[in-house]
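Notes for the one structure printed next.
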Amino acid sequence: ASHVLEHLDSFHKTITELYRILKPNGLLIVYVPFFLNTKYFGEPDHKIPFSIRSFDNYEFIGNRQLKFYEKWKLNHRTNYEGKASFEVLERRFITSHFAPLKWFDPILNLEPVMYERLFAGIFSPEEVYFKLRVVKN
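Each number in our numbering corresponds to the 1-based position in the sequence shown with 428 added.
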């Protein structure tokens with residue numbers, strides 16, 4: 429889904445439907461504009477803002493080692509008791525498609541959640557990329 433999801437009306441309904449139609453272990457690749465960038469708020473048709481944590485409420489944790497902020501997150505999920513569950517294989521910021529700025533990507537993605545919280549308002553990435561695997565029992 430490349431630059432489609434931000435145009436839809438309901439994030440939860442969209443994610444639930446994508447979960448339903450994807451096969452078990454199916455992959456969902458998502459490219460969306462970052463909500464603090466002009467690629468998001470400069471387009472009046474954009475309805476859903478995306479951050480590096482947009483899929484957190486639908487994330488399947490499994491046996492993965494949790495970071496300190498993820499433990500709190502688990503107790504405060506807001507997926508509306510939905511069944512949709514995804515393993516987050518990869519999530520990263522894309523600074524720019526302009527070659528001289530691409531060297532920022534590895535720096536921003538060292539700890540993207542902390543970058544978003546502390547510095548994204550100063551130097552905003554253009555896009556967020558997600559690679560998700562559907563988890564169905």
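Even glycine gets a Cβ: it sits at the ideal position worked out from N, Cα and C. All of these numbers come straight from a predicted model, not from anything done at the bench.
Quick one: residues in its chain with C-beta nearer than 6 Å to the C-beta of Gly417, no 5 flanking neighbours on either side, listed in chain order?
-> Absent from the structure is residue 417, since the part of the chain shown begins at 429 and ends at 565.
Could you check which residue in Asp473, Leu433, Asp484 has the C-alpha nearest to that of Arg519?
-> Mapped onto the sequence shown, residue 519 falls at position 91. Distances from the alpha-carbon of Arg519 to those of Asp473, Leu433, Asp484 put Asp484 closest.
Helix or strand or just coil, what does DSSP make of Leu517?
-> Your numbering for residue 517 matches position 89 in the sequence shown. Under the three-state reduction of DSSP output, Leu517 falls in the strand class.
Taking all protein chains shown into account, do 16 or more other C-beta atoms lie within 10 angstroms of the C-beta of Ser438, making it buried, or fewer, making it exposed?
-> Sequence index remark: in the sequence shown, residue 438 carries index 10 (1-based). Exposed, since its Cβ has fewer than 16 Cβ neighbours within 10 Å.
Spatial neighbours of Val458 in its chain, beta-carbon cut-off 6 Å, leaving aside the 5 residues before and after = Within the sequence shown, numbered from 1, the residue matching residue 458 stands at position 30. Short of 6 Å from the beta carbon of Val458, and not among the five residues preceding or following it, lie these beta carbons of its own chain, in chain order: Ala429, Phe558.
Neighbourhood of Leu517 by C-beta distance below 6 Å, restricted to the same chain and skipping five residues each side | Numbered from 1 along the sequence shown, position 89 holds the residue referred to as residue 517. Once the five neighbours on either side are set aside, the close Cβ partners of Leu517 are Lys559, Arg561.
Would you call Thr466 buried or exposed, if buried means 16 or more other Cβ atoms sit within 10 Å of its Cβ?
-> Reading the sequence shown from its first residue, position 38 is the one you call residue 466. Exposed, since its Cβ has fewer than 16 Cβ neighbours within 10 Å.
Should Ala527 be labelled buried (16 or more other beta-carbon atoms within 10 Å of its own) or exposed?
-> Stepping through the sequence shown from its first residue, residue 527 is reached at position 99. The Cβ neighbour count for Ala527, taken over all protein chains shown within 10 Å, is under 16; the residue is labelled exposed.
Give the single residue among Ile476, His440, Gly490, Pro534 whose Cα lies nearest to the Cα of Lys511.
-> Within the sequence shown, residue 511 is the residue found at index 83, counting from 1. With distances taken between Cα atoms, Lys511 lies closest to His440.
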